[in-house]
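First up is the structure itself, then whatever we jot down about it.
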Amino acid sequence: MYITQLSIFVENKFGRLSEILDVLAENHVDIRALSMADTSEFGILRMIVDDVEKAKAVLAESGVAVKSTEVIALPIDETPGGLARMVAKLRDNHISIEYLYAFFNRDLGGPQVVMRVDDVKRAEAVLAPKN
Amino acid sequence: MANHQYHQKDFECMPREELTALQSERLVWQVKRMYENVECFRLRMDEKGLRPEDIHGVEDLHKLPFSYKSDLRDYYPYGLFATPLSQIRRVHASSGTTGKRIVVGYTEKDLETWANCTARILAGAGVGPDDFVQVSFGYGLFTGGFGLHAAAERVGATVIPMSSGNTSLQIQTMIDFGATVLCCTPSYALYLGEEIERMGVRDQLKLKVGIFGAEPWSESMRAEIEKKLGLKAYDIYGLSEVLGPGVSYECEYQAGMHVCEDHFIPEIIDPDTGEVLPYGTAGELVFTTITKEGFPVIRYRTRDICTLNVAPCKCGRTHLRMNKPQGRSDDMLIIRGVNVFPSQIEEVLLSISGGEITPNYQIVVDRVNNTDTFDVNVEMSEAFFADDMKSVEKLEKTIAEKLKSTLGIGTKVHLVNPKSIVRSEGKAKRVIDNRKY
């Protein structure tokens, strides 16, 4: 249910995103999922990679501010309404979503959604109850 | 406008021997009372093995200890005052090198002295009872507004106390109230001039004289201001620790600024050795206040670099002239007329980072549309970074707010990539000042 996500500070400067992606490419880090949130001054690039420690090390060395966060990652029904139903469950239990993005998880062979919520414990209980 | 040339002719044109004798008498008085009442001074005198009786006159001035801006920080707020607080009629404050401001105080007599010194500025520029003086220096704890206000009242003019800001109202007032004199920072004067030009109301102005100071400005800026506003622009110099405005001022011949030597003894020293340098040599300007009661200073190091000229002036004043300060011997910046020290910014950043490390930063100053711009680039680091947008945005905002409240001027804060601020020999270049006067 949890996955380690990397968050990267991206100054709003021409070529900055390319520099960051080049570093990962040169070091053979595989990006599995990615989402970018932006303001006029800067962006936060969030990604799921295959080798978190390696990615963090090479990014930090090249002068990138990077942090790792544990976020929820759950499979979604691969039918229309799959995501809507999941989000509805959170809504009904008054759990707020900070952000989310979806990707295709190769290892699991299906779509997954990554999300950050305000109450992780309750989200877990609601979405992935341990029977 | 009648030609009121001197405010206090007897003092302003006093023969030099008489002036020196007066200075000596006043210096002896000041040294004695400061030894008795000001701990900081007494400790320094004791360190040197000096007693007030060892000082007979200005010839002994060089023996006395220096004083520094850091003294005001160390004795904040009132530790350097020489009179009981009940005698202090007013306090003013200015920027210190750290978050603490420097505080100065005035007795009734000091306020009188101050008004007389600043009145000399206006009288020298021919300003009198028929004039309307628009004071657009900031009122409040800064000495500029109140300083010129008192001057205008003292010479019998009609004072228009505008303070700074609100440009369209400033111009409307200038036109409607018939201002003949404008007092503000030179960059604001230029800004007003451009607005007036844009509005096409230049011929509705009745301005004749401008009194400008609180920041460095060049001859070409002066020419520009005079052209845009149609007035004669006078330079003035002052600092809160010595008085406020009124320490020195240009007469109509504008060949240097006359120091009010009956109140302040100027010296030029070598900033590294402290050795007194002869007139005509450039060095650090030092002042001794010989009449101030509330907050006097002995050999206060201004950090301004300039030259003194003791040759007689065509105006008839015998008080020596200083040229425009040519630079500083410290890292202080003047932005929109306000003193700013890089160390103040460092202190704010350190407090935000939780006192652990000071993030790497760079100050970039420029001038756009005749107004100083002030940007602070702060390197993002892991310590500052968080995964949520809100807190990163909040960080930028928090830094800007704290800087504004500490410095007194608005700052634009930019979070930049780690290691993007250029370092040379391991030291980051802290200040980039792109302004050209």
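Residue numbers (the numbering used here), protein chains in the order written: chain A, 7 to 137; chain B, 1262 to 1698.
Here a beta-carbon is modelled for each residue, glycine too, at the ideal position from N, C-alpha and C.
Here the structure is a predicted model, which means the values were calculated and not measured.
{"Query": "Sub-8 Å separation of residue 1558 of chain B and residue 1550 of chain B beta-carbons", "Result": "yes"}
{"Query": "Chain B residues whose Cβ lies nearer than 9 Å to that of residue 22 of chain A", "Result": "1678"}
{"Query": "Beta carbon proximity, residue 85 of chain A to chain B, threshold 8 Å", "Result": "no"}
{"Query": "Contact belief for residue 1446 of chain B with residue 1407 of chain B at Cβ below 8 Å, rounded distance in angstroms", "Result": "The Cβ separation is near 15 Å, so there is no contact."}
{"Query": "Minimum Cβ-Cβ distance from residue 1272 of chain B to chain A less than 8 Å", "Result": "no"}
{"Query": "Environment of residue 1699 of chain B [buried if 16+ CB atoms lie within 10 Å]", "Result": "A query on residue 1699 of chain B cannot be resolved here, the shown segment of chain B reaching from 1262 to 1698 and no further."}
{"Query": "Cα-Cα separation, residue 1599 of chain B to residue 40 of chain A", "Result": "46 Å"}
{"Query": "Check whether residue 1495 of chain B and residue 1471 of chain B have beta carbons under 8 Å apart", "Result": "yes"}
{"Query": "Exposure label - residue 114 of chain A; buried when at least 16 CB within 10 Å", "Result": "exposed"}
{"Query": "Sub-8 Å separation of residue 1577 of chain B and residue 1382 of chain B beta-carbons", "Result": "no"}
{"Query": "Interface flag, residue 1652 of chain B vs chain A, CB-CB below 8 Å", "Result": "no"}
{"Query": "Straight-line gap, residue 20 of chain A to residue 12 of chain A (C-alpha atoms, nearest Å)", "Result": "22 Å"}
{"Query": "Assigned secondary structure, residue 1672 of chain B (DSSP; H/G/I helix, E/B strand, else coil)", "Result": "coil"}
{"Query": "Interface positions of the segment 109-124 of chain A facing chain B (Cβ-Cβ less than 8 Å), listed along the chain", "Result": "122"}
{"Query": "Cross-chain neighbours of residue 73 of chain A in chain B, by beta carbon under 9 Å", "Result": "1643, 1646, 1647 and 1648"}
{"Query": "CA-to-CA distance, residue 1478 of chain B to residue 1451 of chain B, given in whole angstroms", "Result": "11 Å"}
{"Query": "CB contact below 8 Å: residue 1536 of chain B versus chain A", "Result": "no"}
{"Query": "Reduced DSSP secondary structure (H/G/I, E/B, other) of residue 1683 of chain B", "Result": "coil"}
{"Query": "Sheet register partners of residue 81 of chain A (DSSP bridge)", "Result": "A:118"}
{"Query": "Alpha helix (DSSP H) runs contained entirely in the segment 1303-1384 of chain B, provided each spans 4 or more residues", "Result": "1330-1335"}
{"Query": "Reference residue 1625 of chain B; option with closest CA among B:1438, B:1696 and B:1530", "Result": "B:1696"}
{"Query": "Nearest residue (CA-CA) to residue 1430 of chain B, options B:1457, B:1337, B:1413 and B:1410", "Result": "B:1457"}
{"Query": "Of the listed residues B:1632, B:1644 and B:1306, nearest to residue 1454 of chain B (C-alpha basis)", "Result": "B:1632"}
{"Query": "CB contact check: residue 54 of chain A to chain B, cutoff 8 Å", "Result": "no"}
{"Query": "Inter-residue spacing [alpha-carbon to alpha-carbon] between residue 1436 of chain B and residue 1670 of chain B", "Result": "28 Å"}
{"Query": "Of the listed residues A:108, A:61 and A:126, nearest to residue 32 of chain A (C-alpha basis)", "Result": "A:61"}
{"Query": "Cα-Cα separation between residue 1291 of chain B and residue 1511 of chain B, rounded to whole angstroms", "Result": "27 Å"}
{"Query": "Neighbourhood of residue 134 of chain A by C-beta, 7 Å cutoff - its chain only, sequence neighbours within 5 removed", "Result": "7 and 80"}
{"Query": "Short-range partners of chain B found in the segment 37-62 of chain A, where Cβ spacing is below 8 Å", "Result": "43, 45, 47, 48, 50 and 52"}
{"Query": "Which residues DSSP lists as bridging residue 1419 of chain B, in chain order", "Result": "B:1393"}
{"Query": "Classification of residue 1265 of chain B by the beta-carbon crowding that lies within 10 angstroms, buried from 16 upward", "Result": "Interpretation of residue 1265 of chain B is limited by its pLDDT of 49, a score under 50 that renders its predicted location unreliable; no figure is taken from the coordinates."}
{"Query": "Simplified DSSP state of residue 1272 of chain B, which is helix, strand or coil", "Result": "helix"}
{"Query": "Beta-bridge pairing of residue 1634 of chain B - partner residues as DSSP gives them", "Result": "B:1627"}
{"Query": "Contacting residues, own chain, Cβ-Cβ under 6 Å from residue 1263 of chain B (five flanking each side not counted)", "Result": "Because residue 1263 of chain B carries a pLDDT of 41, less than 50, the predicted location of this residue cannot be relied on, and no value is offered for it."}
{"Query": "Simplified DSSP assignment, three categories, for residue 92 of chain A", "Result": "helix"}
{"Query": "Assigned exposure category for residue 1698 of chain B - 16 Cβ within 10 Å defines buried", "Result": "exposed"}
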